[in-house]
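A.B. asks: Those protein sequence lines, which keep their order, are chains V and W. For what it's worth, this note's numbering labels the leading residue of the first sequence as 1, then goes sequentially. For what it's worth, this note's numbering labels the leading residue of the second sequence as 1, then goes sequentially. For glycine and all other residues, C-beta sits at the position ideal for the given N, C-alpha and C. A quick note: this is a predicted structure, and the numbers were derived from the prediction, not measured. Sharing a structure with you now.
Number of protein chains: 2
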Amino acid sequence: MNYPNGIKKENTKQFINYGNRGMNLERDLNTTNQYYRDIDKAYIYKKPTPIKIVNVDYQSRNLAVIKEAYFVEPSTTDYNGIYKGKYIDFEAKETKSKTSFSLDNIHPHQITHLRNIYNHQGIVFLIVRFTNLDLTYLLMVKDFIDFIDNNKRKSIPLDYFKKKGYLIKNKLQPRVDYLEIIDSMEVLYEKE
Amino acid sequence: MNYPNGIKKENTKQFINYGNRGMNLERDLNTTNQYYRDIDKAYIYKKPTPIKIVNVDYQSRNLAVIKEAYFVEPSTTDYNGIYKGKYIDFEAKETKSKTSFSLDNIHPHQITHLRNIYNHQGIVFLIVRFTNLDLTYLLMVKDFIDFIDNNKRKSIPLDYFKKKGYLIKNKLQPRVDYLEIIDSMEVLYEKE
């Protein structure tokens, strides 16, 4: 498992997106997670984009270039890490809709993953930004599961986020202070 | 953050390695983690290999091909997840040496990461396999840090693993039962 040559140490940014969708929330979360690390509050990272590499050209001793690769569907969520010794896990999505969040945004494998983490007492939630309303909600997976298990709808209405979710205020730093919401939920610590 | 076209649902395997080094331990850990998931014991995954994507060819509506990308140095460890509600995190390495494990195998960023997770009460360790001896050790990060903070050596001798580490027996299923070792360490649960 040595690291290959051709490594680019100076730039660990991941190529992420396809159209602008999702970029802003992701950028905000990256700076937020960096802030949490800087103040030694939590260590939460975005996972690299999963890809399948088919062809690598070892152009020279010091340069490996991936020449053919494909995106693969993620089986877990994008973000996980540690906060107060506990496992934290979440998925973040943006939607342009002003009325609802389509469940097509979350893959079936990811829903299974969210259920598993919830059942194993992880701190697990969604962060959903309604970009055209400039509203960002945190929805605990318990409430997400409650919805999909009790509704045939293919989308979660904004009203459900207003009722069951937690509005994350826009701040300068950190941009998306979701741990402030988690801190306010003492219920999370009753399971122990 | 919608998933792009060109997704390969049927194959989520990651391209991993460069020469055979590390392949066997990684494969064993993947089947072990799959086994833990199958029996609903723990949800621990290998993170995708971090890469920087430079050029994507959208050949058709349904096929995106990455045409140029580079490996980037990981800032965290390869494996993390949840076990008994707690955050678990480890790095796995193979070495051909029969006498020591070179510290060149672990990047400085990763060492910082391991320290951070340890300080935040994560369950954090290394799994090191001496392939030519067929010995696989689990070394808690506490002992790893003790070593590097108190030695100028650039490698950890096998004897240190024998003294401070835990031998993981080869089993049929799961192949590398590292959680059995963790279960035996009540000390981990004294921090709460």
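Could you spell out the range, first to last residue, of the beta strand (DSSP E) harbouring R129 (chain W)?
C.D. replies: I123 to F130 is the span of the beta strand (DSSP E), which, as asked, contains R129 (chain W).
A.B. asks: Counting contacts by CB-CB distance shorter than 8 Å, is F246 (chain W) in contact with chain V?
C.D. replies: Here chain W comprises residues numbered 1 to 192, so residue 246 (chain W) is not present and cannot be evaluated.
A.B. asks: Under 8 Å between beta-carbons, which chain V residues line up against N80 (chain W)? List them in chain order, please.
C.D. replies: Ordered by position in chain V, the residues that pass the 8 Å Cβ test against N80 (chain W) are N80 and G81.
A.B. asks: Assuming Y262 (chain W) and K46 (chain W) form a contact by the criterion Cβ under 8 Å, report the distance between their Cβ atoms to the nearest whole angstrom.
C.D. replies: Because chain W is modelled from 1 through 192, residue 262 (chain W) falls outside the range shown and cannot be assessed.
A.B. asks: Is the shortest distance between the beta-carbon of T76 (chain V) and the beta-carbons of chain W less than 8 Å?
C.D. replies: Cβ-Cβ to chain W under 8 Å: yes for T76 (chain V).
A.B. asks: Using C-beta distances below 7 Å, list every residue in its chain close to R21 (chain V), excluding the 5 sequence neighbours before and after it, in chain order.
C.D. replies: Unreliable positioning characterises R21 (chain V) in this predicted model, as indicated by a pLDDT of 43, which lies under 50. The coordinate reading is nonetheless provided below. Closer than 7 Å at the Cβ level, and outside the excluded window around R21 (chain V), lie E94.
A.B. asks: Give me the Cα-Cα distance between L133 (chain V) and R175 (chain V), rounded to the nearest whole angstrom.
C.D. replies: Their Cα atoms are separated by approximately 17 Å.
A.B. asks: Note down, in chain order, every chain W residue with its Cβ under 7 Å from the Cβ of T49 (chain V).
C.D. replies: Within chain W, the residues near T49 (chain V) are P48.
A.B. asks: Taking 8 Å as the limit between beta carbons, can you name the residues of its chain near R115 (chain W), skipping five residues before and five after?
C.D. replies: Around R115 (chain W): V141 and I145.
A.B. asks: Answer with yes or no whether the minimum CB distance from Y35 (chain W) to chain V is below 8 Å.
C.D. replies: With 8 Å as the cut-off, Y35 (chain W) does not count as an interface residue toward chain V.
A.B. asks: Taking only three categories from DSSP, how would you classify L179 (chain V)?
C.D. replies: L179 (chain V) falls in the helix class under three-state DSSP.
A.B. asks: Given Y160 (chain W), which residues of its chain have a CB within under 7 Å of its CB, disregarding the five upstream and five downstream residues?
C.D. replies: Cβ within range, chain order: F147.
A.B. asks: Name the two residues that bound the continuous beta strand (DSSP E) containing N55 (chain V).
C.D. replies: It spans I51 to S60 - the beta strand (DSSP E) in which N55 (chain V) sits, taken as one unbroken run.
A.B. asks: From this set, V:N105, V:H107, V:Y87 and V:R61, which residue's C-alpha is nearest I182 (chain V)'s C-alpha?
C.D. replies: Considering only alpha carbons, the answer is V:Y87.
A.B. asks: Does the Cβ-Cβ distance between H113 (chain W) and T76 (chain W) come in under 8 Å?
C.D. replies: Yes, Cβ-Cβ distance for H113 (chain W) and T76 (chain W) is below 8 Å.
A.B. asks: When the distance is taken between beta carbons, is V54 (chain W) closer than 8 Å to A64 (chain W)?
C.D. replies: It is not a contact, given that the beta carbons lie outside the stated cut-off.
A.B. asks: What do you reckon, are the CB atoms on F195 (chain W) and L138 (chain W) nearer than 8 Å?
C.D. replies: Summary: the structure shown does not reach residue 195 (chain W), with chain W confined to residues 1 through 192, and so no result is reported for it.
A.B. asks: Put K154 (chain V) into one of helix, strand or coil per three-state DSSP.
C.D. replies: K154 (chain V): coil per DSSP, three-state reduction.
A.B. asks: Alpha carbons only, please: which of W:D143, W:I66 and W:E91 is nearest the one belonging to K163 (chain W)?
C.D. replies: The option with the nearest alpha carbon to K163 (chain W) is W:D143.
A.B. asks: Is L179 (chain V) close to chain W? Criterion is C-beta to C-beta, closer than 8 Å.
C.D. replies: With 8 Å as the cut-off, L179 (chain V) does not count as an interface residue toward chain W.
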